[in-house]
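Everything below concerns the one structure shown next.
Number of protein chains: 2
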Amino acid sequence: MSSSFYPARRILMGPGPSDVSPRVLGAMARPTIGHLDPQFVDLMDQIKALLQYAFRTDNALTLPVSAPGSAGMEACFVNLVRPGDTVIVCQNGVFGGRMKENVERCGATAVMVEDPWGQTVSVEKVEQALAENGDASVLAFVHAETSTGAFSDAAALCRLATSHNVLSIVDTVTSLGGIELDVDAWGADAVYSGTQKCLSCVPGLSPVTFSERAVARIRERDSKVQSWFLDMQLVMGYWGENSKRAYHHTAPVNTLYALHEALLILKEEGLENAWRRHRLHHTALVAGLEAMGLGLVVAPEWRLPQLNSVSVPAGVDEALVRSRLLQDYGLEIGAGLGALAGKVWRVGLMGHAANRQNVVLCLGALEQTLSSMQAPIERDRALAAALAVYDD
Amino acid sequence: MSSSFYPARRILMGPGPSDVSPRVLGAMARPTIGHLDPQFVDLMDQIKALLQYAFRTDNALTLPVSAPGSAGMEACFVNLVRPGDTVIVCQNGVFGGRMKENVERCGATAVMVEDPWGQTVSVEKVEQALAENGDASVLAFVHAETSTGAFSDAAALCRLATSHNVLSIVDTVTSLGGIELDVDAWGADAVYSGTQKCLSCVPGLSPVTFSERAVARIRERDSKVQSWFLDMQLVMGYWGENSKRAYHHTAPVNTLYALHEALLILKEEGLENAWRRHRLHHTALVAGLEAMGLGLVVAPEWRLPQLNSVSVPAGVDEALVRSRLLQDYGLEIGAGLGALAGKVWRVGLMGHAANRQNVVLCLGALEQTLSSMQAPIERDRALAAALAVYDD
């Protein structure tokens, strides 16, 4: 208890947090200033503009919620879902289930559209659910399921929502900065994300953005939002137009320094370049894994480059593998969650961690560790297969 | 938008955030590791033990909520207050009003016990309210009102709650680490605080602690807590006994490094020494202010040493004074809030910022600034009066 904490050297290739750039860590360590300081208010404006860039939106109500992604999810639900509403919730992994919890805790009814874990959300089933539930007011789905590594067709799902005159709530925790995400082109209404995935920022904030339709729904509510902390009508007073900036809560000043720097890095690289980089290193990683004889859970067309669910070979103690990777290589990969617990490893290539060194390290460390446990894998092939991708 | 953010040099003597120690900033900048990493789980145990020390409690359910103090407040209310409950809420400043908002958003009824802003909560009125409201299930009050600088008799109020068999919810955002706070001796049931006041940590976390009575109330609820993110039954699965550590949300890893370091510093100094230090510098500051002819809003027996509400002299543009202090001296002091807006400055002496340099700087800067505006103050007396306190 009595000494300062010095973390061991880790390479973070799990489902997040991902490796954080020294630039971001350095920014966060700059001296704290007041949350109403004019200089800080300027920084807030810059963060808002950078988030609009990352989300590809002109939405005025775009800001980081002062808490992790789960709170960003809750911010979307408690503001848009009223007691008695019907909400169509798509579930193909853990986070759809968490959406259902949110709906029910708002006093609303969740109509579930379920797909197997690891598959994409079925657009047809959603269309049917919308047709069968004319009273639905919201459609909620996960763009990039962190628990499985599958993405869904957000453009098509948002289009369905708009054409049925319901609002869409979209979880982009793992997609922001990693794959194509286009809030305005999709016509998405309430979108939340996290900082510790493809933005390679520290965990603790949840970027959100609300369309004008969503803001109108919030303004016309006749019941108060059940959360004071997440009530966007109040939060807008602090994050809204420059002139007001009324105190609501004390912003997490230093974590916002970190987010600003992480977003700058993204903008310097360019959003499309970042997407391409994730795709490239994913392709190399998968080539190596497949050459080793390891399979992926998700079908190629719906694979998230930034989150790879790898099937654990029969007879292998998956927890022991993770623990050896951590101990021998300082390498963190993730365990399976929910229906995939014990069956997969989740290998992240998120943000700053999506690089060639990490791909090579991960393949080498996995091959050595599995070999030492007599797992049924192909040896001495993975590295060449991965490197061939880079040579293309 | 296109360049890194470098904050100006500030001395933070407002209502928080307070000056953060370089040790804390340095800790926060260490590389991020996973929120389920065994090394991080050890750190969580250390943080819990250090928070128990700071709160003076053996409560097992003691942890930092992953969001600012307002979320800690909400965590206490949504877990302990059920729809239809009656809650007695004491208000003598801004934060009692926020408690009322929380109660009502839980679908419960708030019975208000009001005292003038700047005064202590009347124990007699609370006793009467408890006697008149036999169906009340919770008594909520603010120990240290950040909006006014008055503290209340938490021991007596918690005793009343216990004797009437209601749970107490206590706001200690500004008191933790600054004045006597004794959760177990008081028999307080749910207590929340913030990190950016007398702990001199960055903003963004809210330490909370729940008594066994409070935990029993949570466990026996027959309705779900309306917030998924703040549901203590779920949060316990992550922060609870070492063996489980089930994923709930991604903890704000680096901010927790910072909290750990800030709590270590508090423990190294010793809680009672920290209280004495706040008292000493407050006494010096007040001696200087009074020698200058400036009065304090709160009666001496209820003054918080860490938050001094100073009456703005007649005819002085209080916002201009704050803006000059910021510009000419890098010195931040706070504006009045709510009923005291425009009438007071709030001068903080919180945590690391409670030191002799800050007292001298604040007095000198205020005297020069007010003199330059022809304000009716006594000159050339404040510094000697303050220093005499240190010489005693």
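For the protein sequence lines, the chains are A and B, in the order given.
With this note's numbering applied, the first sequence corresponds to residues 7 to 398, in that order.
With this note's numbering applied, the second sequence corresponds to residues 7 to 398, in that order.
Cβ atoms here follow ideal geometry from the backbone N, Cα and C, with glycine treated the same way.
Could you tell me the alpha carbon to alpha carbon distance between residue i and residue j, rounded to whole angstroms?
i: A264/B; j: A33/B; result: 5 angstroms
i: A403/A; j: A293/A; result: What the structure shows of chain A is the stretch from 7 to 398, and residue 403/A is not part of that stretch, so it cannot be assessed.
i: E133/A; j: L166/A; result: 7 angstroms
i: T168/B; j: D141/B; result: 14 angstroms
i: L173/B; j: Q239/B; result: 18 angstroms
i: L145/B; j: P319/A; result: 56 angstroms
i: M19/A; j: T180/A; result: 13 angstroms
i: E138/B; j: L272/A; result: 60 angstroms
i: A85/A; j: D25/B; result: Checking the displayed sequence, the identity of residue 85/A turns out to be Asn instead of Ala. Approximately 35 angstroms, taken between the alpha carbons.
i: P89/B; j: K230/A; result: 14 angstroms
i: F157/B; j: A194/A; result: 47 angstroms
i: A305/A; j: S233/B; result: 35 angstroms
i: L211/B; j: Y396/A; result: 43 angstroms
i: G299/A; j: E80/A; result: 40 angstroms
i: K106/B; j: M118/B; result: 8 angstroms
i: R227/B; j: G243/B; result: 17 angstroms
i: L291/A; j: V365/A; result: 6 angstroms
i: Q45/B; j: C204/B; result: 28 angstroms
i: A280/B; j: G354/B; result: 15 angstroms
In this structure, what does DSSP give as the bridge partners for residue i?
i: S317/A; result: V350/A
i: I94/A; result: V117/A and L145/A
i: Y198/B; result: D177/B and V214/B
i: R309/A; result: A156/A
i: G340/B; result: R352/B
i: I17/B; result: L337/B
i: T68/A; result: T215/A
i: A150/A; result: F157/A
i: R286/A; result: In the sequence as displayed, the identity of residue 286/A is Leu instead of Arg. Beta-bridge pairing links L286/A to no other residue.
i: L163/B; result: Per DSSP, none; premise fails for L163/B.
i: L205/B; result: Beta-bridge pairing links L205/B to no other residue.
i: L302/A; result: V316/A
Nearest by alpha-carbon distance to residue i: which of the options is it?
i: R285/B; options: N361/B, K106/B and E384/B; result: N361/B
i: T375/A; options: L331/A, I339/A, R16/A and L393/A; result: L331/A
i: E278/A; options: V303/A, L182/A, V197/A and A325/A; result: L182/A
i: T289/B; options: K273/B, N85/B, D159/B and L310/B; result: L310/B
i: R352/A; options: V129/A, N85/A, V109/A and L313/A; result: L313/A
i: E373/B; options: A341/B, V304/B, G340/B and E296/B; result: E296/B
i: D334/A; options: T201/A, R15/A, C112/A and S8/A; result: R15/A
i: G246/B; options: A55/B, Y12/B and S27/B; result: A55/B
i: I94/B; options: L57/B, S128/B, F147/B and Q58/B; result: F147/B
i: M356/A; options: Q380/A, C96/A, A268/A and M379/A; result: A268/A
i: V316/A; options: S10/A, S9/A and P21/A; result: P21/A
i: A196/A; options: I175/A, V208/A, L211/A and G184/A; result: I175/A
i: N171/B; options: R223/B, P306/B, L270/B and G340/B; result: R223/B
i: S143/A; options: S128/A, T115/A and S199/A; result: T115/A
i: D43/B; options: V259/B, A220/B and F235/B; result: V259/B
i: S27/A; options: C112/A, L57/A, S8/A and S206/A; result: S206/A
i: E186/A; options: R387/A, Y59/A and A325/A; result: Y59/A
i: Q202/B; options: S329/A, H255/A and E324/A; result: H255/A
i: A394/A; options: H287/A, G336/A, R104/A and S72/A; result: H287/A
i: I17/A; options: Q363/A, A161/A and Q380/A; result: Q363/A
i: E307/A; options: L262/A, Y253/A, H266/A and D159/A; result: D159/A
i: F83/A; options: L57/A, T261/A and R111/A; result: R111/A
Within the present structure, is the beta-carbon of residue i separated from the nearest heavy atom of the ligand SAM by less than 7 angstroms?
i: S27/B; result: This structure lacks the ligand SAM, and indeed carries no ligand of any kind.
Contact the segment 33 to 50 of chain A vs the segment 363 to 370 of chain A: 3+ CB pairs below 8 angstroms: no
Validate contact between the segment 94 to 106 of chain B and the segment 144 to 152 of chain B using beta carbons, cut 8 angstroms, 3 pairs: yes
Contact residues within the segment 221 to 232 of chain B, judged by C-beta distance below 9 angstroms to chain A: K230, V231 and Q232
Inter-stretch contact at 8 angstroms, needing at least 3 Cβ pairs: the segment 340 to 349 of chain A / the segment 116 to 125 of chain A: Under the Cβ criterion (8 angstroms, minimum of three pairs), the segment 340 to 349 of chain A counts as touching the segment 116 to 125 of chain A.
Inter-stretch contact at 8 angstroms, needing at least 3 Cβ pairs: the segment 182 to 195 of chain B / the segment 56 to 76 of chain B: yes
Under 8 angstroms (Cβ pairs) to chain B, residues found in the segment 186 to 213 of chain A: G200, Q202, V208, P209 and G210
Sufficient close CB pairs (3 or more, under 8 angstroms) joining the segment 44 to 60 of chain B to the segment 24 to 33 of chain A: no
Cβ contact check for the segment 201 to 220 of chain B and the segment 68 to 80 of chain B: 3 or more pairs under 8 angstroms: yes
Contact set between the segment 20 to 35 of chain B and chain A, restricted to residues whose Cβ is under 7 angstroms from the partner: G20, G22, P23, V26, L31, G32, A33, M34 and A35
Near-chain B residues of the segment 43 to 69 of chain A (beta-carbon distance less than 7 angstroms), N- to C-terminal order: D43, Q45, L49, Q52, A55 and L56
Contact list for the segment 262 to 295 of chain B against chain A, Cβ threshold 7 angstroms: Of all residues in the segment 262 to 295 of chain B, only Y263, H266, E267 and L270 come within less than 7 angstroms of chain A when Cβ atoms are compared, listed by chain position.
Near-chain A residues of the segment 234 to 258 of chain B (beta-carbon distance less than 8 angstroms), N- to C-terminal order: Flagged, chain order: W234, F235, Y253, H254, H255, T256, A257 and P258.
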